[in-house]
Amino acid sequence: VTFLAAAVLYFLAVGQVKGFAFTLGLTTILDVVVVFLVTWPLVYMASKSPLWAKPSLNGLGAVQQIARERRAA
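Note that our numbering has the sequence shown beginning at 1, numbered continuously upward.
Laid out in structure tokens, this is it:
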């Protein structure tokens, strides 16, 4: 959505607004690249780590408790 807005601004605007639209589009593309090349692998490695498998650390303790209660009912 942000990239689409940047493209529309770039083609319809003039001057400084056009520069802003270019910067907005460029940073949106760079953000997606960073997510795929940096953030995703780090989250993946953390999810495979035994330390983060503990429900008390990963925030899934309540989800697991609800699942146990539903299976018991």
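Virtual Cβ for every residue (Gly too), placed ideally from N, Cα, C.
Query raised in the report: First and last residue of the alpha helix (DSSP H) that includes Ala62?
Result: On the sequence shown, position 62 is the one that residue 62 refers to. Where Ala62 is concerned, the enclosing alpha helix (DSSP H) stretches over 61–72.
Query raised in the report: Just to confirm, are Ala21 and Leu4 a CB contact at a threshold of 8 angstroms?
Result: For the purposes of this step, residue 21 is taken as the residue at position 21 of the sequence shown. For the purposes of this step, residue 4 is taken as the residue at position 4 of the sequence shown. No, these two residues do not count as a Cβ contact at 8 angstroms.
Query - Three-way DSSP call (helix, strand, coil) for Lys54 in this model - result: Residue 54 sits at position 54 when you count from the first residue of the sequence shown. Residue state, collapsed to three classes: coil.
Query raised in the report: Given a threshold of 16 other Cβ atoms within 10 Å of its Cβ, counted over all protein chains shown, does Ala46 qualify as buried or as exposed?
Result: By one-based count along the sequence shown, residue 46 stands at place 46. Ala46 should be labelled exposed.
Query - Cα-Cα separation, Leu26 to Ala7 - result: If you number the sequence shown from 1, residue 26 lands on position 26. If you number the sequence shown from 1, residue 7 lands on position 7. Computed Cα separation, rounded: 10 angstroms.
Query raised in the report: Does the Cβ-Cβ distance between Gln64 and Pro50 come in under 8 angstroms?
Result: Taking the sequence shown and counting its residues from 1, one reaches residue 64 at position 64. Taking the sequence shown and counting its residues from 1, one reaches residue 50 at position 50. Contact flag unset, no.
Query raised in the report: Quick one, are the C-beta atoms of Leu24 and Thr2 less than 8 angstroms apart?
Result: Taking the sequence shown and counting its residues from 1, one reaches residue 24 at position 24. Taking the sequence shown and counting its residues from 1, one reaches residue 2 at position 2. Cβ distance < 8 angstroms, so Leu24 and Thr2 count as in contact.
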